[in-house]
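In what follows, a structure is listed as C-alpha cells, so that the remarks can point back to it.
Chains as they are written, first to last, in the numbering used here: chain A, 1 to 151; chain B, 152 to 302; chain C, 303 to 453; chain D, 454 to 604.
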C-alpha cells in the first residue's frame, strides 16, 4: 500500500468507523502533507442556541479536534517514512489529544462548515496543530490549537 | 418566579430545548450557587475510538462546555440579584463561550459521566469557570477551563 | 494628533513606560493595522535552562502577551475611529488580557527574538489575537493565542 | 541522597541556578508530593501597568509556569521511585513545558504573591498540572493549566 492509499484509508476510518463523527456527519475534505480539513452540513440536531439557530459549541470543538487529529496522524506518518504500514496504523490508533483550546470568534451560522488544520510542529512525542473553522462564505467562526501525543 | 424556580427553568431549557444536548443525552444533575454539573450515559454513538470503545473527545468537550455555560448563567444571575427575570433570561440567551481549554487526562471509559463546573470569577463582563469530567467510579477523565461573556 | 502619531505614542508607552518590558528589553518592531511585533535580544538573565542556555518560558510568554496586547490596542483604535484621542488612551489603559495560551514548540535558542501578533477578531468587548515567536533565523519557537478585554 | 534531599536540591536549582527566576525573585515555598508553590515579592520592575501599579502579565505567567514545572519534576520522581538519582536529574533537566494556559482573573495587586501547583495527572510522557496565583491576602489573581513533557 502506498502513502496516498494509506492516507485514503486513514480518511475513510475517521469518517466511517468513528460513531460520533458519523453522528455529526463529518467527512474528510482535504488531506495533504501540511494541511487537512473536514466538513459537515448544518442540521437541526447540531444546534446549540434554539433562539438564534446557531451551532452548538461542542459541535465546533468536535470538528476542530477531528481535523487536528487527522493532521497529527499525517504528521506522524511523515516523521516515520520507513515504518511498516501496520506499525503506523497501530501508532495512529493510539494517537490521542493531550489538550485543545477553542476560541469562539463568531456565531456558528451557515449551511456548510469546514474545519481546516495545519501542522506547526511534529516532534518525536508531541504534534502541535492549529485549526480554523469557516462557513461556506469563508467567515471565520472559531480557532483551535491542539497538542497530540504521537509517540 | 423565585430564584430556585428560575434556576430550574434554566436547567430545563439547557437539557430539553438545546438539540445537541439532547442528541448527547445531557441532563442537569446539580445546580447550586457555586457548583453545577451535568451527566450523561455512555452509548455507542458517542464513541470516538472504535478499537478501544472510549468516548469521543468532542463529547467530552461538549459536556464540559455545557456545564461551564450553566455555571456562568448562574453566576450572571447572582451578579444581578435585583434584575427582573425576563431581562435575566434575555441576558442568559446571549451568554456565549469566549474560549475553552480541555485537557484529556485519561481515556473516556465508563458507563455514566459527570461534568462538574465551579465558578472562580464572575466579573461584570466575563466569567471564568473550571470544569472536571469524572466517570461513575470517580476517575478523572478530563479538565476544562472556560471563559464566558456574561455582560 | 493623527492616527499614526497615536500608534507611535502607544508603541513608546509600551516599551518605555512599562517597567517589566524594559527589564526584558522589549522594543516595538512593527505596528500596523493587522499585524504588530515586538523584538528583544537574548541576554544572560533571560535564560531558563542554564545547562542548555535557552530562554525561560516566562520570557517567551511575556513577549507573546505584550505583542498581543499591543495588537488588541490597535484593534480597539480601529473599532472606534471617531473616538476622541484621550478617551481612546483611557480605554487602552484599561485593556487587559483575559487569558493566554502558549505552545512551546522548540527550545528558545537564538540571539534576537521577534513576537508577531495578528488580530483575528475585534468584537465590541473582546479581541482575539494569534501570536508567534521566531528567532533571527526564522525558526518558530512558540505559538500563542490570547483574548483581550477591549470594551 | 534520599528523596527529601533530592527535592531540596531541585528546589535550590530552580531558585538559584535559573537566571530569570532570580531576576523575578522567585523562591520555593512548599514542595510536597502533590502540591508545590513558589513565592515572590512585588517590586517596581515587575510592574506592567504603571498607572495602576499592578503586576505584568508576563510575571504572573512566569511564576505559574515555574510552579507547574517544579510540580511536574516532583511527579516525575514519584513515577520513577527506583530510578537512580543522576538519571532522575538528567530527566528533570530535559523536562519542558508543552503548553500553558493562563487566566487573569483579577488585577495583580499585593506585596507578596504565591503560585501554587497541584498535579492532576502524571502519565508516562505527559504531566498535567493546575496552578493558582494568590496575593498575601488570599485573593485569587490568576489560574493556570500546564502540560509538561516528562518522559
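Just so you know, even glycine gets a beta-carbon here, dropped at the ideal spot from N, CA and C.
| query | result |
| --- | --- |
| Just the Cα atoms here: how many angstroms apart are residue 93/A and residue 197/B? | 17 Å |
| So, for residue 507/D: in the same chain, excluding its five sequence neighbours on each side, which residues have a beta-carbon less than 6 Å away from its beta-carbon? | 560, 561 and 562 |
| Output, in chain order, the set of chain D residues within a Cβ distance shorter than 8 Å of residue 347/C. | 472, 473, 475 and 476 |
| Please return the same chain residues whose Cβ sits closer than 8 Å to the Cβ of residue 76/A, not counting the five positions on each side in sequence. | 88, 91, 92, 95, 122, 127, 150 and 151 |
| Using Cβ-Cβ distances below 8 Å, what residues of the segment 97-126 of chain A are close to chain D? | 98, 99, 101, 125 and 126 |
| Closest to residue 113/A by CA distance: which of 4/A, 11/A and 29/A is it? | 29/A |
| Would you decide whether residue 63/A is buried or exposed? Buried here means 16 or more other CB atoms lie within 10 Å of its CB. | buried |
| Beta strand (DSSP E) containing residue 516/D: first to last residue? | No beta strand (DSSP E) holds residue 516/D; the alpha helix (DSSP H) holding it covers 510-532. |
| Are any of the Cβ atoms in chain C nearer than 7 Å to that of residue 298/B? | yes |
| Going by alpha carbons, who is nearest to residue 34/A out of 125/A, 142/A and 116/A? | 116/A |
| Taking the Cβ atom as the reference point for each residue, do residue 208/B and residue 97/A lie within a distance shorter than 7 Å? | yes |
| Between residue 41/A and chain B, is any beta-carbon pair separated by less than 7 Å? | no |
| With a threshold of 7 Å between beta carbons, is residue 519/D in contact with chain B? | no |
| Does the beta-carbon of residue 189/B have 16 or more other beta-carbons within 10 angstroms, so that it is buried, or is it exposed? | buried |
| Spatial neighbours of residue 132/A within its chain, please: C-beta separation below 7 Å, excluding the five flanking residues on both sides. | 116, 140 and 143 |
| Distance check for residue 474/D and residue 312/C, CA to CA, integer angstroms please. | 29 Å |
| Beta carbon of residue 402/C, beta carbon of residue 555/D: below 7 Å? | yes |
| Can you list, in chain order, the residues of its chain with a C-beta nearer than 6 Å to that of residue 212/B? Leave out the 5 residues immediately preceding and following it. | 253 |
| Between residue 61/A and chain B, is any beta-carbon pair separated by less than 7 Å? | yes |
| Should residue 129/A be flagged as near chain C, meaning a C-beta pair shorter than 7 Å? | no |
| Chain D beta carbons: is any one of them nearer than 7 Å to that of residue 358/C? | yes |
| Based on Cα-Cα distance, which residue from 591/D, 572/D, 495/D and 534/D lies nearest to residue 485/D? | 572/D |
| Between the C-alpha atoms of residue 41/A and residue 168/B, what's the straight-line distance to the nearest angstrom? | 21 Å |
| Please go through the same chain and pick out, in chain order, the residues whose beta-carbon is closer than 8 Å to the beta-carbon of residue 154/B, but skip the five residues on each side of it. | 228 |
| Going along chain C, which residues have a C-beta under 7 Å from residue 501/D? | 320 and 322 |
| Using the beta-carbon of each residue, which ones in chain A are nearer than 7 Å to residue 202/B? | 93 |
| Thinking just about the alpha-carbon of each residue, which of 67/A, 6/A, 85/A and 13/A is nearest to the one in residue 134/A? | 67/A |
| Can you check DSSP and say which residues form a bridge with residue 111/A? | Note: residue 111/A sits in no beta bridge, so no partner. |
| In this structure, does DSSP put residue 26/A in helix, strand or coil? | coil |
| Classify residue 598/D as buried or exposed, calling it buried when 16 or more other Cβ atoms lie within 10 Å of its own Cβ. | buried |
| Judging by CA-CA distance, which residue of 591/D, 557/D and 583/D is the nearest neighbour of residue 524/D? | 583/D |
| Would you list the residues sitting across from residue 127/A in a DSSP beta bridge? | 122/A and 148/A |
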